[in-house]
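Scroll down for the structure; my scribbles are underneath it.
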Amino acid sequence: MALDSIQLIELYRKMRLIRRFEERVVELVNRDEIPGVTHEYVGQEAVATGVCVALRPDDVITSTHRGHGHILAKGGDPRRMMAELMGKATGYNRGRGGSMHIADLSLGIYGANGIVGAGAPIACGAALAAKLARSDRVAVSFFGDGGMNQGVVHEALNLAAIWTLPVVFVCENNGYAISAPISQMAKVERLAERAAGYGMPGVAVDGMDVLAVHAAASQAVERARTGAGPTLLECRTYRFVGHFTAEKARGIKYRSDEEVARWRERDPLLTYPQWLRQQGIADPARVEAEVEALLDEAVAFARQSPFPEAEEALDGMYAVSYPGLPARGW
Amino acid sequence: MAVMTYREALNLALREEMHRDPRVFLIGEEIGLYDGAYKVTQGLLKEFGERRVVDTPICESGFTGVAVGAAMLGLRPVVEMMTFNFSILALDQIVNSAAKLYYMSGGQYSVPMVIRGPGGPAHQLAAQHSQSMEVYFYHVPGLKVVRPSTPRDAKGLLKSAIRDDNPVIFIEAETLYGIKGEVPDDPEFTIPLGKAEIRREGTDVTVFAYMGMMYRALEVAEELAKEGISCEVVDPRTLRPMDIETMIGSVRKTHRAVVVEAGAGFAGMGSEIAAFVTENAFDDLDAPVERITGANAPMPYAKNLEQAKTPSKEKIIATIRRVCSA
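Chains L and R, in that order, are what the protein sequence lines are.
Taking my numbering, the leading residue of the first sequence gets 1022, the next gets one more, and so forth.
Taking my numbering, the leading residue of the second sequence gets 201, the next gets one more, and so forth.
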């Protein structure tokens, strides 16, 4: 599927939004305006963007602890995301979820997930439900190279293969599970090779190239949508920052400066706008100004929003109310 | 009213709910072609087809997660754990996904699903197949936990569990599948979750017990009646939420309470019921609440060892006599 110039600009807009959103998050964490743990998606923007642009609004994704990028790429509202990160009542989860649990049912975002690999069977369940309903919705499960070693992901790969489910498994191989290098945690060079063991195609793609990711994802999504079954898509990428926000402040180091610099040369936020300009498609500066305005508004919205009422802590635990629930400490 | 086995009552509940609601489907190991390891799903594959009775590979975490995802998209999965002991393998999906997603998402999506299968001690199944798994789940906000003791309850409570918009843990028992009892024919017959049942009325002491221990408590009550001790046997049926009205109401009447529990006692169901009674009816008690529980040990295999770990009739009788003489 060839992209027109509007779509090509949209790819940049999404990647820029993710990058700047995350940079703002770091600022706000450092100012103590965002509490708790956040895992920035900086460096991997081409993956979420390339995959999600290949999806329809009613398609489903399950995300990870490093989920901001996936949610923004699927169309998530930065205002409600920022409010959720600040624990505000206007946040996506009314302040009950935080960074690792942001969800938007209306956009098919079946949640970021703090448990590594846990989204994989959930995506399969959504795909099974779509199949049973004879709809042509597709589910995408994002996980990292760390998640690729989790047992439940392998269970999910097998289930998707034997039931020919409309799922795309997107393994974002950024080289490190926290600090553990994938070269020491897996014996295969390409994680996509593991797909063969489940009888599904495995495709490895350059995760720093948004057009390559989009092309590969489009093919996998098309395959899923037409009933041909799942694909394992390995996107080789890199995170330019720590596993979580405070890693830098704590001086934790497990990668050489040279290695980081080498990957930074391939930063899609440098290479892609350059390409857009060279092709005469767009002036990236305009997109950048739009993104800043959007984020200014998001931060202001989150700051102005109220915190939830303390009494709400025990509300909304059950979808229907029952005498005796919630159990108030008996 | 028809007389049927506990197994048949469960089967009927599944069949009726599958006819009633096309969103209901079954998923688990050996439930289709093999008709279920304990034959609870007998005939359902033939009747409803493989879209609604889904056989899975052995991967409890995987297929429970699949059920969570399907529930989020609007279906109503009924997951069978071949035995509830295997639910430990799916604990993450049950506790971190099914139980929490409604709350954590700020009410965006509910997870209407039932996880059912047999649990508790059976006949010499040894340590990995004899656990009273309800204690692992009743601690978890977001879950409901049901233990049905009779064929009537099995049908009425399973139907309510399937119609519930929340995840429900529904633990049956190998030892009860063959028992018979009267079950209403009406397809609209249900028993609400969270309602305890007085199995035998009495005036001197309330005996809380469910599943196999409920039947043992009834035998004990019969014997003690001969010596003039009147036991009221109360079956909680739902362990989360507990029925404060019936359970505490009974203690207010008898002024004494004991709990009989098949599983290990430490941090067990009996601990929770004892605390529940003490906190809600302390001034009504004439004696401390006592627990008769399984020993705090893995279930041994040999028949005599298995019996030694399980609360005996003699021990229950002795405890009730002591409580009633206080």
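Idealized CB from N, CA, C, for every residue including glycine.
Using the rule of at least 16 other Cβ atoms within 10 Å of the residue's Cβ for burial, across every protein chain shown, is Gln507/R buried or exposed?
exposed
Does the pairing of the region 384–399 of chain R with the region 478–487 of chain R give three or more beta-carbon distances under 8 Å?
no
Output yes or no for whether 7 Å exceeds the beta carbon distance between Ser1200/L and Tyr1131/L.
no
For Ile371/R and Val345/R, I'd like the C-alpha separation in whole angstroms.
8 Å
Length of the line joining the Cα atoms of Ser332/R and Leu1315/L:
54 Å
Exposed or buried, Met447/R, counting other C-beta atoms within 10 Å across all chains shown (16 or more means buried)?
By the C-beta density criterion, Met447/R is buried, having at least 16 other C-beta atoms within 10 angstroms.
Gly1138/L versus Ser1162/L: straight-line alpha-carbon distance, rounded:
9 Å
In chain R, what lies closer than 7 Å to Arg1117/L by C-beta?
In chain order: Tyr303, Met304, Gly306.
For Gly1064/L, which residues in the same chain have their Cβ closer than 6 Å to its Cβ, ignoring the five residues on either side in sequence?
Tyr1259, Arg1260, Phe1261
Which of the three DSSP states is assigned to Leu1024/L in this structure?
coil
Which residues of chain L have a Cβ atom closer than 9 Å to the Cβ of Asp443/R, listed in chain order?
Pro1344, Gly1345
CA-CA distance, Gly494/R and Ala373/R?
Spanning the two alpha carbons is a distance of roughly 16 Å.
Residue-chain proximity (Met1102/L, chain R), Cβ-Cβ < 7 Å:
no
Which of helix, strand or coil DSSP assigns to Gln1295/L:
helix
Got a sec: which bits of the region 1321–1345 of chain L sit with their beta carbon under 8 Å from any beta carbon on chain R, in order along the chain?
Gly1337, Met1338, Tyr1339, Ala1340, Val1341, Tyr1343, Pro1344, Gly1345
Proximity winner among Thr375/R, Gly262/R, Leu214/R, Asp443/R, relative to Arg363/R (alpha-carbon distances)
Per the Cα distances, Leu214/R.
Could you compute how far the alpha carbon of Ala237/R sits from the alpha carbon of Ala1270/L?
55 Å
Residue range of the beta strand (DSSP E) that Ala202/R falls in?
Counting along the chain, the beta strand (DSSP E) containing Ala202/R begins and ends at 202–205.
Buried or exposed for Pro498/R, going by 16 or more other Cβ atoms inside 10 Å?
exposed
Close Cβ partners of Trp1351/L (< 7 Å) along its chain, the five nearest in sequence each way excluded
Low confidence applies here, because Trp1351/L scores a pLDDT of 39, under 50, leaving its location unreliable; read the following figure in that light. Here the set comprises nothing.
When the Cα of Asp292/R is compared with those of Tyr336/R, Arg456/R, Lys515/R, which residue comes out closest?
Tyr336/R
Endpoints, the beta strand (DSSP E) within which Arg1257/L is located
1252–1257
Going by the beta-carbon positions, is the gap between Arg207/R and Tyr377/R smaller than 7 Å?
yes
Nearest-angstrom Cα separation, counted from Gly1096/L out to Glu1210/L:
33 Å
If we count the other Cβ atoms within 10 Å of its Cβ and call it buried at 16 or more, is Leu210/R buried or exposed?
buried
State the start and end residues of the unbroken alpha helix (DSSP H) segment that holds Pro1305/L.
Unbroken alpha helix (DSSP H) run through Pro1305/L: 1305–1325.
With burial defined as no fewer than 16 other Cβ atoms inside 10 Å of the residue's Cβ, what is the status of Glu280/R: buried or exposed?
buried
As assigned by DSSP and simplified to three states, the class of Val1226/L:
In the structure shown, Val1226/L falls within a strand segment according to DSSP collapsed to helix, strand and coil.
Are there three or more Cβ pairs, one per stretch, closer than 8 Å when the region 1323–1342 of chain L is compared with the region 1068–1076 of chain L?
no
Does the region 385–399 of chain R come close enough to the region 237–246 of chain R to have 3 or more Cβ pairs within less than 8 Å?
no
Taking the alpha-carbon positions, what's the Ala462/R to Ser330/R distance?
10 Å
Interface residues of the region 1084–1111 of chain L facing chain R [CB-CB below 8 Å]
none
Which residue's Cα is closest to the Cα of Val314/R: Glu479/R, Lys515/R, Val224/R?
Val224/R
Only counting the same chain, and skipping five residues up and downstream in sequence, which positions put a Cβ closer than 8 Å to that of Val1159/L?
Leu1076, Arg1077, Asp1080, Val1081, Ala1148, Ala1151, Pro1187, Val1188, Val1189, Val1242, Ala1245, Arg1246
The region 1210–1226 of chain L / the region 1113–1121 of chain L touching (three or more Cβ pairs under 8 Å)
No, the region 1210–1226 of chain L is not in contact with the region 1113–1121 of chain L.
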